[in-house]
Amino acid sequence: MICRFLPMTLLACLVSMARALPDSTYDIPGKRLDQAPKIDGVIQPGEYPEEIHRSGFRDKDTNLESDELGEFWIGYDERYIYFAGRATTNPRKVVRDEYRPNVGMGGNDNFGLIIDPFGGNSNFNLFQTNANGATSINLAGGRAAKTEWLGEIEANGRLTETGWECEMRIPWSVMSLPPEGIRSPRFNITWYRSAKSNTYAYRFTGQNNELTPAWVDVEVPKVDRGRSVSFLPYAYGGIQKGAGPIANAGLDFKTSLTDSIQFVGTLNPDFRNVESSILSLDFSYFERLASENRPFFNEGSQFLRVGYSTRLFAPQRIPTFDAGFNIYGQANSKLTFGALSTIDFGERTATVASANYRFDDKTSAEIGIVNNSRHGQNSTAGLANIFTRTGDVGYFFTNQYTTDQTRGAGFRNNIGVTYNKGGYNGSIEYLSITPDFFPRIGFNRESDLKGYSMDLSHEATPAHGNWNSYSFGVDAVTYDRYSGGFYRNEANFSVQASDRKGFSFGASTGFSQFLGIADRTFGVGAAYPYNNPYRAVAANYESGTFLGNPYEAYDVSAVYRVFGRLQFSLKSQWQLSDDDETLHILGANFDIGKFESVGGRLVVQNGQSNWYLSYRMSGKRGAEYFILVGDPRADSFTNRLVIKAVIPFSVKY
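Taking numbering that gives the first Met the number 0, I'd label the letters of the sequence shown as residues 0 to 652.
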């Protein structure tokens, strides 16, 4: 865990970094392999043709050349893509804690293949593996973590005398694909080095998609996905104190309409047994929203953003519903879209649709619409956004509007310029929001304002010396009320540095005027080792005033793994002011095997506590089983025992 004073900018989400003219130097010929490699984690001499071998990596953020050798091979046949990677490094420093399929690779040394089969430079899939052969899959558009729907890849890895190496076999069928034929997919290779806490790339692009290498003249196959619907029915039963026996059942289903368009549905979804996210304590003038982790809303989520800092659709606003339908995908190399609808019979129907069109690598446009149909709360919202860039400078304009049965009509317009080069990121934006702008099932922090914002940040990774990285960030806003009069001013400054031994520290300070009240903040934080998500400690301290009242805040967290399979996590916060608040979260998980685990979580907030324990056998194809004691979404402990089963099957049509 890293201390939280990291400079963040809107620019990081929108624009590119250092520029260079596109060329074919980094392109690789599409080589169809005559003999499939053995995926055993051992790269044998001659196993892969030399013409598909490349070496040399550069820091993905700073373009600094790696001081250690990384190399890879990439080929394919009619069913699979084959990848092999080798790192020349100190094998004793290689982190390989993960060993399971479809898990996060945070902190683990790993290679990753990034690929857009359409060649449109817009929707990339990411496949990763480490020295144990653990795998991670992130598909374009977003997917729920269900093996039958997400798919799986085969991988193996091992330590060697000179470092480590790995191999992956990736089915074409796990990705959305263009029509069969000769294509030139865009790709890149990433290499995370835990000893440096840096990610390196085969080709430094700085998010300038024009520089993304091409995998030239690949015969993209016609994948026989079969005309079938994958069903995931669930049923659970149990007993709850004060309520007696409890039971429920429902169904999720999914089918591929084409090679690149998916349709997902759910009937009576089970959200009650999904762990809820916990908002950390914070002094904020505005509403905050916990992250969304329900599987139905993860499907195609990247195609349904409908905004950035202000989103017209936030699924957290829909706590329950009876039925939901979701269609999303890629119509061609330039157009992506998504549409989702939920129905709570007799209560509400919510619908969102969005489409993004890339004219070229420099210019894209997005439109979206959201509708909430509910007695007394009918509302509609829409978005139009365009982004373009010239060299290192980007330009964007966004219009959002809302019409609401009780609040009337409102709009939000912002126009800005971004700059990104040589580790420097900056932006200037003009924003105006009318008083009646109200995305009822979205997320908007504030309204009735007009004014300017700016930010500037810089990050550097020294090639030599004791420091691994350092950065600073500054941001400021000045807003008046749209309807007239002063609203607020704010300025913040932060610095952070980390050394090569894993120690990280940061500091921040801020000043604000909010409706005539002056506030200030100062904070410091540290973490060690910041680059290890399994064994680390972190602490933060902050003091200042909020709405004119003095406060202090303490934050301590720790993670620790025992015996390689038992993971503990602890987070404690104390906020001391006129109304003191405390939050403590203790989590534990023990991996019985690759697909079995037991775990639990205890949350104590302001004297109120909730805990639950669980057993799960999941993560592979076939039936999944769960046993749950307690309620993971409740505010206080519920005396409850539930046994749940998910039995997948498919029906051809």
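The beta-carbon is built from N, C-alpha and C at its ideal position, and this holds for glycine as well.
According to DSSP, residues forming a beta bridge with residue i
{"i": "R411", "result": "Q399, I432"}
{"i": "V173", "result": "BP columns for V173 are empty, so no partner."}
{"i": "M453", "result": "I427, A475"}
{"i": "L546", "result": "In the DSSP output, where bridge partners are listed per residue, L546 has none listed."}
{"i": "K253", "result": "S229, V263"}
{"i": "Q572", "result": "D554, L582"}
{"i": "L68", "result": "T87"}
{"i": "F358", "result": "Paired residue(s): none; F358 is not in a bridge."}
{"i": "K651", "result": "S227"}
{"i": "E218", "result": "I181"}
{"i": "S135", "result": "Q127"}
{"i": "G168", "result": "Reading the sequence as shown, one finds Arg at residue 168 and not Gly. DSSP, once it has assigned bridges, lists Y81, E153 as partnering R168."}
Distance, residue j Cα to residue i Cα
{"i": "A408", "j": "F396", "result": "20 Å"}
{"i": "R91", "j": "G156", "result": "15 Å"}
{"i": "A459", "j": "R57", "result": "13 Å"}
{"i": "F475", "j": "R310", "result": "In the sequence as presented, Phe is not what sits at residue 475; that position holds Ala. The straight-line gap from Cα to Cα measures roughly 22 Å."}
{"i": "I260", "j": "G299", "result": "10 Å"}
{"i": "Y356", "j": "L158", "result": "44 Å"}
{"i": "Q572", "j": "G105", "result": "24 Å"}
{"i": "Y481", "j": "F513", "result": "15 Å"}
{"i": "L13", "j": "S507", "result": "Reliability fails at L13, whose pLDDT of 34 lies under 50, so the model's placement of it is uncertain and no value is given."}
{"i": "F502", "j": "W72", "result": "35 Å"}
{"i": "V494", "j": "H457", "result": "10 Å"}
{"i": "P177", "j": "A644", "result": "36 Å"}
{"i": "E46", "j": "T87", "result": "19 Å"}
{"i": "F648", "j": "D251", "result": "11 Å"}
{"i": "I646", "j": "I27", "result": "43 Å"}
{"i": "A496", "j": "G505", "result": "6 Å"}
{"i": "P6", "j": "F230", "result": "Unreliable positioning characterises P6 in this predicted model, as indicated by a pLDDT of 33, which lies under 50. A coordinate reading is not provided."}
{"i": "T211", "j": "D479", "result": "42 Å"}
{"i": "A587", "j": "N297", "result": "25 Å"}
{"i": "R632", "j": "V217", "result": "48 Å"}
{"i": "L20", "j": "N62", "result": "At L20, the pLDDT of 43 sits below 50, so the modelled position is not reliable; the number obtained from the coordinates is stated separately. Rounded to whole angstroms, L20 to N62 spans 15 Å at the Cα level."}
{"i": "R639", "j": "M167", "result": "43 Å"}
{"i": "I516", "j": "Y284", "result": "12 Å"}
{"i": "P314", "j": "L280", "result": "22 Å"}
{"i": "G264", "j": "I317", "result": "16 Å"}
Other residues of its chain near residue i: CB distance less than 6 Å, five sequence neighbours each side excluded
{"i": "G425", "result": "Y418, L455"}
{"i": "S340", "result": "F324, T350"}
{"i": "G74", "result": "K30, L32, I51, Y81"}
{"i": "N124", "result": "I114, L138, A139, M174"}
{"i": "V641", "result": "Y235, G237, L627"}
{"i": "F282", "result": "F545"}
{"i": "E77", "result": "P220"}
{"i": "N413", "result": "T397, E428, L430"}
{"i": "K570", "result": "S556, I584"}
{"i": "A380", "result": "L311, V369, T401, P438"}
{"i": "A246", "result": "G236"}
{"i": "P268", "result": "G249, F295"}
Residue i and residue j closer than 8 Å at C-beta
{"i": "V222", "j": "S172", "result": "yes"}
{"i": "R388", "j": "K420", "result": "no"}
{"i": "F110", "j": "T189", "result": "yes"}
{"i": "R95", "j": "N131", "result": "yes"}
{"i": "G367", "j": "A352", "result": "yes"}
{"i": "N107", "j": "N122", "result": "no"}
{"i": "S227", "j": "K651", "result": "yes"}
{"i": "Y233", "j": "P170", "result": "no"}
{"i": "V219", "j": "G180", "result": "yes"}
{"i": "Q607", "j": "D579", "result": "no"}
{"i": "F295", "j": "G337", "result": "no"}
{"i": "A537", "j": "G524", "result": "yes"}
Contacting residues, own chain, Cβ-Cβ under 7 Å from residue i (five flanking each side not counted)
{"i": "T637", "result": "Q239, G629, D630"}
{"i": "D343", "result": "T319, F320, D321"}
{"i": "P184", "result": "I114, D115, P116, G118, W214, V217"}
Own chain partners of residue i with C-beta closer than 8 Å, once the 5 adjacent residues on each side are dropped
{"i": "S15", "result": "The pLDDT assigned to S15 is 36, lower than 50, so where the model puts this residue is not dependable, and the model offers no usable value."}
{"i": "K612", "result": "The displayed chain sequence assigns Leu, not Lys, to residue 612. These residues qualify, in order along the chain: V597, G598, G599, L627, V628, G629."}
{"i": "S193", "result": "K92, V93, V94, G106, N107, D108, N530, N531"}
{"i": "F358", "result": "K333, A364"}
{"i": "Y533", "result": "D96, G106, V558, Y559, R560, Q566"}
Cβ-Cβ separation, residue j to residue i (assumed contact under 8 Å), whole Å
{"i": "F655", "j": "L112", "result": "Because the chain in this structure spans residues 0 to 652, residue 655 falls outside the shown range and cannot be described."}
{"i": "G618", "j": "T161", "result": "That belief does not hold up - the Cβ atoms of G618 and T161 are roughly 33 Å apart, past 8 Å."}
{"i": "I42", "j": "A83", "result": "5 Å"}
{"i": "S446", "j": "I432", "result": "5 Å"}
Closer than 7 Å: residue i CB and nearest the ligand HEM heavy atom
{"i": "L448", "result": "As presented, the structure is devoid of all ligands, the ligand HEM included, so that no description of it is given."}
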